[in-house]
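The block underneath contains the structure these notes are about, expressed in structure tokens.
Numbering (the numbering used here), first residue to last: 156 to 316.
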């Protein structure tokens with residue numbers, strides 16, 4: 156019997172041709188640039204978790220939240236798959252600020268620091284930047300080595316199912 160997936164969120168703030176990423180200061184993914192997000196708490200909707208995590212990690216409040224993708228991650232050293240809901244924010248209030256977990260930094264869409272990011276990111280970020288919706292599965296060995304993946308465009312209804 157397989158375990159139900161662990162629900163997580165990932166929020167990418169987009170301002171025209173720039174995206175806001177955060178450099179992880181501690182914990183899982185330390186030293187990597189990523190969007191902002193984390194675990195969905197019991198009784199919390201995925202969208203609520205996304206808004207909460209963005210505020211906690213980047214110090215900004217989203218005024219819009221658009222679901223762009225659902226990605227499943229399988230790690231050979233973790234028994235439970237991760238289901239990550241990827242959101243886009245293009246309107247917000249406040250100024251990005253460093254938190255206990257993340258150091259926010261703006262990047263032009265043509266200079267995303269993929270060499271300092273998770274190995275799956277170069278596959279799906281281009282779809283995100285093109286405004287497309289997507290779904291995919293990524294399989295990792297030893298937490299950081301991507302061994303296989305599948306990725307495709309998806310409709311909005313499919314992501315909400």
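Backbone N, C-alpha and C fix where the C-beta goes; we use that ideal spot for every residue, glycine too.
Please classify residue i as buried or exposed, where buried requires at least 16 neighbouring CB atoms within 10 angstroms.
i, result
"residue 307", "exposed"
"residue 158", "exposed"
"residue 270", "exposed"
"residue 191", "buried"
DSSP has residue i in a bridge; who is on the other side?
i, result
"residue 125", "The displayed coordinates of the chain run from 156 to 316. Any statement about residue 125 would go beyond what the structure contains."
"residue 183", "Bridge partners of residue 183: none, in fact."
"residue 217", "247"
"residue 178", "188 and 258"
Can you tell me whether DSSP reads residue i as helix, strand or coil?
i, result
"residue 201", "helix"
"residue 232", "coil"
"residue 284", "helix"
"residue 277", "helix"
"residue 165", "strand"
"residue 308", "strand"
"residue 158", "coil"
Name the residue from the options whose alpha carbon lies nearest to the alpha carbon of residue i.
i, options, result
"residue 315", "191, 172, 215 and 224", "224"
"residue 128", "181, 189 and 184", "Shown here, the chain extends from 156 to 316; a query on residue 128 therefore has no answer."
"residue 252", "211, 206 and 184", "211"
"residue 304", "311, 298, 297 and 291", "291"
"residue 284", "273, 300, 297 and 263", "263"
Measuring straight from C-alpha to C-alpha, what distance separates residue i and residue j?
i, j, result
"residue 126", "residue 236", "This structure cannot settle anything about residue 126, because the visible part of the chain is limited to 156 through 316."
"residue 178", "residue 278", "19 Å"
"residue 209", "residue 174", "14 Å"
"residue 180", "residue 313", "34 Å"
"residue 227", "residue 248", "30 Å"
"residue 185", "residue 281", "23 Å"
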